[in-house]
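**Q** Encoded as structure tokens, here's the structure I'll be asking about.
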Amino acid sequence: MITINKDLIYIGLVFVILSLTVAVFIKVNATGKVVQNINKQNNQELDKYRLDPIPAECKLPEYEESINDWKEHLSHHQNTLYCLDYFK
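If you want our numbering, it's the 1-based position in the sequence shown plus 7.
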């Protein structure tokens with residue numbers, strides 16, 4: 008029978024665990040490039056809809072990542088229809 012060195016098994020397990028841990032924190036797009044810069048630019052775009060000139064009930068919430076989804080939500084409520092003017 009073939010015996011496998013325990014050290015190799017431990018090294019392999021550590022490698023797999025570290026790889027999975029790193030994969031959780033790094034996003035890669037379809038071409039294989041890290042998309043961190045795209046996310047920063049996207050956050051700047053979203054942040055302008057979270058600033059003071061917009062009334063509190065119209066502001067894009069921190070948990071919302073899609074302007075279109077928020078606009079759709081606002082359009083379903085009669086009392087927030089005027090908010091759509093801030094998202095043109």
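We treat Cβ as the ideally placed atom computed from N, Cα and C, and that holds for glycine.
Just to confirm, is the Cβ distance from residue 53 to residue 65 under 8 Å?
**A** Translated into the one-based positions of the sequence shown, residue 53 becomes position 46. Translated into the one-based positions of the sequence shown, residue 65 becomes position 58. Contact: no.
**Q** Any idea if residue 58 is buried or exposed, counting beta-carbon neighbours within 10 angstroms, 16 or more meaning buried?
**A** Taking the first residue of the sequence shown as 1, we reach residue 58 at position 51. Flag for residue 58 reads exposed.
**Q** Any idea what DSSP makes of residue 17, helix, strand or coil?
**A** Taking the sequence shown and counting its residues from 1, one reaches residue 17 at position 10. The answer is helix: DSSP assigns residue 17 an H, G or I state.
**Q** Once the 5 residues before and after residue 71 are set aside, which same chain residues still bring their CB inside 7 Å of it?
**A** Counting from 1 along the sequence shown, the entry for residue 71 is found at position 64. So the list reads 77, once near-sequence residues are dropped.
**Q** DSSP on residue 74, reduced to helix/strand/coil?
**A** As a first step, residue 74 is located in the sequence shown; it is residue number 67 there, counting from the start. Note: residue 74 maps to helix in three-state DSSP.
**Q** Do you know offhand how far residue 73's Cα is from residue 83's?
**A** Numbered from its first residue, the sequence shown carries residue 73 at position 66. Numbered from its first residue, the sequence shown carries residue 83 at position 76. Cα-Cα distance, rounded: 16 Å.
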